[in-house]
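Asker:
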Amino acid sequence: MNPIFSKEFWLKAWEKDKETDTYTVHRGFSTPEYWNKVASSYDSTKGETKSRRLSKTLDLFKRMKFLSKGMQVLDIGCGTGTLAMELARHGAKVTALDFSTEMLEQFRQSITPDIRENITLLCEDWHTIDIIEKGWKKKFDLVIAFMSPGVASPEAFYKMMDTSKNGCAVRSWAAKRNHPIMASLWEKIMGTVLEDAPQSILLKINLLFSLGLFPELTFDPVEWDQNVTVEEELESELAFFRKVGGKTDAELESIIRPYLESISENGRIIRAHKGLTATAVWSVNSSLSG
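Basically this note's numbering = 1-based index in the sequence shown + 86.
In structure tokens form, the structure reads like this:
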């Protein structure tokens, strides 16, 4: 049998991904400190595009019969709760998990009285959770991890599937992101050109294929800008690069602050984001493997 059809092939490929810039970037995003710093500006961009993407996601869940009143949902890396709250409005009972206290605080402040009883917030790290101890083995009808660093390893991904008795859904970057500020700072701090071509969603998809699980796939180009102060951007970049840069905070600030000030206008910076996301939704019960 061609090795690309075996799960071992894709697990080894996933392990090899740790040698890339992309994995190093993931490490920078994998701390609660980073997400605490960006929480206040995370939802600053709202509008028609975001609303359309949310509607498209809900339509996909409905079509696959993964959205019904009273269903149990686990949202891993729920962030500020945009999707979790919409699921709760459709009658789902949502357990929303994140390791960032500030993200959860933004979420908490957005919960309206009509859905409060449908949402449980938990501040925990998915990597350290014991699903047997919590009684989460095959507990949830739908388990979601959208743009979440929580399922970036095979172990965490398998654990995610182990909590579902019906469906799972993941979303992540599927192509190189255009992130000019990070790319410029990476070159100054790391001494190399950033080669960030996210592959973890593609590894997940191919691993699912090898397990006889065939997800529904959608791809969406995304682009948005955030207007932040120099100090806000400095704090978030420090939180990111202290995890990957191998330098002290003083050394990092001596590089980051002058650059941010050089691109700022009236003490503010436009943080531009552009890329392609992939969403995979599948039934954990549809395996065709032997």
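All C-beta atoms in this analysis are idealised placements derived from N, C-alpha and C, irrespective of residue type, glycine included.
According to DSSP, simplified to helix, strand and coil, what is Val316?
Answerer: Three-state result, Val316: helix.
Asker: Between Arg138 and Val330, what straight-line distance do the alpha-carbon atoms span, to the nearest angstrom?
Answerer: Using only the alpha carbons, I get a separation of about 35 Å.
Asker: Can you check which of these residues, Asp200, Thr181, Phe193 and Ile355, is closest to Arg31 by C-alpha distance?
Answerer: Absent from the structure is residue 31, since the part of the chain shown begins at 87 and ends at 376.
Asker: Please name the residue in Glu241, Leu338 and Ser126 whose C-alpha comes closest to that of Thr187.
Answerer: Checking every option, the nearest Cα to that of Thr187 belongs to Ser126.
Asker: Could you give the residue range of the beta strand (DSSP E) that holds Ala242?
Answerer: Ala242 -> not in any beta strand (DSSP E); alpha helix (DSSP H) instead, spanning Pro240 to Asp248.
Asker: May I have the straight-line CA-CA distance separating Ile342 from Met268, to the nearest angstrom?
Answerer: Roughly 10 Å between the two C-alpha positions.
Asker: Label Ser375 either buried or exposed according to how many other C-beta atoms from any shown protein chain fall within 10 Å of its C-beta, with 16 as the threshold for buried.
Answerer: Its pLDDT being 45, under 50, Ser375 is placed unreliably in this model, and the coordinates cannot settle the point.
Asker: Let me check understanding here. Comparing Cα to Cα, which of Leu346, Asn371 and Arg328 lies closest to Leu338?
Answerer: Per the Cα distances, Arg328.
Asker: Would you mind working out which of Asn122, Tyr345, Ser372 and Thr365 sits nearest Asp145, comparing C-alpha positions?
Answerer: Closest option to Asp145, Cα to Cα, is Thr365.
Asker: For Ile162, write down the residues that DSSP places opposite it in a beta bridge.
Answerer: The partner list for Ile162 (beta bridge, DSSP) reads Leu183.
Asker: May I have a chain-ordered list of the beta strand (DSSP E) segments no shorter than 3 residues that lie completely inside the segment 193-241?
Answerer: Runs of the beta strand (DSSP E) inside the segment 193-241: 205-209 and 226-232.
Asker: Pop quiz: Phe226 and Leu297 are said to be a contact at Cβ under 8 Å. What is the actual Cβ separation, rounded to whole angstroms?
Answerer: That belief does not hold up - the Cβ atoms of Phe226 and Leu297 are roughly 19 Å apart, past 8 Å.
Asker: Short of 8 Å in beta carbon distance, which residues of its chain neighbour Lys93, apart from the five on each side in sequence? Order them along the chain.
Answerer: The residues are Leu293, Ser296 and Leu297.
Asker: Should Thr206 and Val229 be called a contact, given that it needs their Cβ atoms to be closer than 8 Å?
Answerer: Not in contact: Thr206 and Val229 (Cβ atoms no closer than 8 Å).
Asker: Under 7 Å: does the beta carbon of Leu190 sit that close to some heavy atom of the ligand SAH?
Answerer: The model on display carries no ligand, and the ligand SAH is accordingly not part of it.
Asker: Between the alpha carbons of Glu219 and Ser350, how many angstroms are there, rounded?
Answerer: Roughly 49 Å separates the two Cα atoms.
Asker: Pick helix, strand or coil for Ser375, following the three-state DSSP scheme.
Answerer: Unreliable placement is indicated for Ser375, whose pLDDT of 45 sits below 50; the coordinate value is still reported in the next sentence. Coil at Ser375, not helix or strand.
Asker: In chain order, which continuous runs of the beta strand (DSSP E) of length 3 or greater are located wholly inside the segment 275-309?
Answerer: Complete beta strand (DSSP E) runs here, min 3: none at all.
Asker: Kindly indicate which residue of Trp368, Ser348, Ile197 and Phe326 has the alpha-carbon position closest to the one of Thr304.
Answerer: The candidate whose alpha carbon is nearest that of Thr304 is Trp368.
Asker: Would you kindly report the start and end of the unbroken alpha helix (DSSP H) that includes Lys175?
Answerer: Position check: residue 175 holds Arg in this sequence, whereas Lys was assumed. Segment Thr168 to Arg175, the alpha helix (DSSP H) holding Arg175.
Asker: So which of Val308, Trp100 and Lys179 has the shortest CA-CA distance to Ala261?
Answerer: Checking every option, the nearest Cα to that of Ala261 belongs to Val308.
Asker: For the beta strand (DSSP E) that Ser369 lies in, which residues bound it at each end?
Answerer: Ser369 -> beta strand (DSSP E) spans Arg354 to Ser369.
Asker: The alpha helix (DSSP H) spanning Ser348 covers which residue range?
Answerer: Residues Asp335 to Ile349.
Asker: Per the DSSP calculation, Trp121 is bridged to which residue(s)?
Answerer: Bridge partners of Trp121: none, in fact.
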